[in-house]
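*Asks:*
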Amino acid sequence: MDIQEQRQGRTIVLGPVGRLDSLSCREFEGCLLAALNESGMVVVDCANMEYISSAGLRVLLVAAKQARAANAQLVLAALRDNPREVFDISGFSAIFSIHPTVEAAIASFA
-16 MDIQEQRQGR
-6 TIVLGPVGRL
4 DSLSCREFEG
14 CLLAALNESG
24 MVVVDCANME
34 YISSAGLRVL
44 LVAAKQARAA
54 NAQLVLAALR
64 DNPREVFDIS
74 GFSAIFSIHP
84 TVEAAIASFA
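For the sequence shown, position 35 matches number 18 in this note's numbering, and the numbering has no gaps at all.
#1: With C-beta atoms as the reference, is V25 less than 7 Å away from L59?
#2: Using C-beta distances below 7 Å, list every residue in its chain close to S91, excluding the 5 sequence neighbours before and after it, in chain order.
#3: Could you say if the stretch -15 to 3 and the stretch 44 to 51 meet the contact criterion of at least three C-beta pairs nearer than 8 Å?
#4: For R2, does the three-state DSSP call read helix, strand or coil?
#5: Is it true that the CB of I35 sits closer than 7 Å to the CB of V0?
#6: Helix, strand or coil, according to DSSP, for R41 in the structure here?
#7: State the Cα-Cα distance for the pair G13 and V45, rounded to the nearest angstrom.
#8: Alpha carbon to alpha carbon, how far is R63 from A88?
#9: In whole angstroms, what is the alpha-carbon distance linking Q(-13) and N54?
#10: If I'm right that S5 touches A38 with Cβ under 8 Å, what's the distance once you round it to whole angstroms?
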């Protein structure tokens, strides 16, 4: 898995590419937790994430708990159909703030 990273002001945008599963989740978890510690405002751009497994969901849940404890913000953007279905079925759609675009996600921090 490739993880694209960009900065827009104080916000860090992380974009996992491909599958977020048991083989790739540790690398993504390290990047995500580091970004939360550094900036406190993180957007996960899901536009290029094709699949998410329970291991990937666990990474996001761990990050959400860390964000909440640190008064940081973690939001998701541009979920594709397959991952969106996993979020809806698992109830994660109710846990995360999900925006249609990265721009909308960043605007939600204001």
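Backbone N, C-alpha and C fix where the C-beta goes; we use that ideal spot for every residue, glycine too.
Because the structure is a prediction, the values reported are computed rather than measured.
*Replies:* According to the data block:
#1: Counted from its first residue, the sequence shown places residue 25 at position 42. Counted from its first residue, the sequence shown places residue 59 at position 76. Contact: no.
#2: Numbered from its first residue, the sequence shown carries residue 91 at position 108. Within the same chain, S91 has close Cβ partners V58, S80, H82.
#3: No, the stretch -15 to 3 is not in contact with the stretch 44 to 51.
#4: Within the sequence shown, residue 2 is the residue found at index 19, counting from 1. Here R2 carries a strand assignment [DSSP, helix/strand/coil].
#5: Position 17 of the sequence shown, counted from the first residue, corresponds to residue 0. Position 52 of the sequence shown, counted from the first residue, corresponds to residue 35. Cβ distance not < 7 Å, so V0 and I35 don't count as in contact.
#6: Position 58 of the sequence shown, counting from 1, holds the residue named residue 41. Helix at R41.
#7: For the purposes of this step, residue 13 is taken as the residue at position 30 of the sequence shown. For the purposes of this step, residue 45 is taken as the residue at position 62 of the sequence shown. Between G13 and V45, the C-alpha separation is close to 11 Å.
#8: Locating residue 63 in the sequence shown gives position 80, where the first residue counts as 1. Locating residue 88 in the sequence shown gives position 105, where the first residue counts as 1. If you draw a straight line from the Cα of R63 to the Cα of A88, it is about 15 Å long.
#9: Locating residue -13 in the sequence shown gives position 4, counting from the first residue. Locating residue 54 in the sequence shown gives position 71, counting from the first residue. Using only the alpha carbons, I get a separation of about 24 Å.
#10: Mapped onto the sequence shown, residue 5 falls at position 22. Mapped onto the sequence shown, residue 38 falls at position 55. Separation of the CB atoms of S5 and A38 is rounded to 4 Å, and the pair is thereby assigned contact status at 8 Å.
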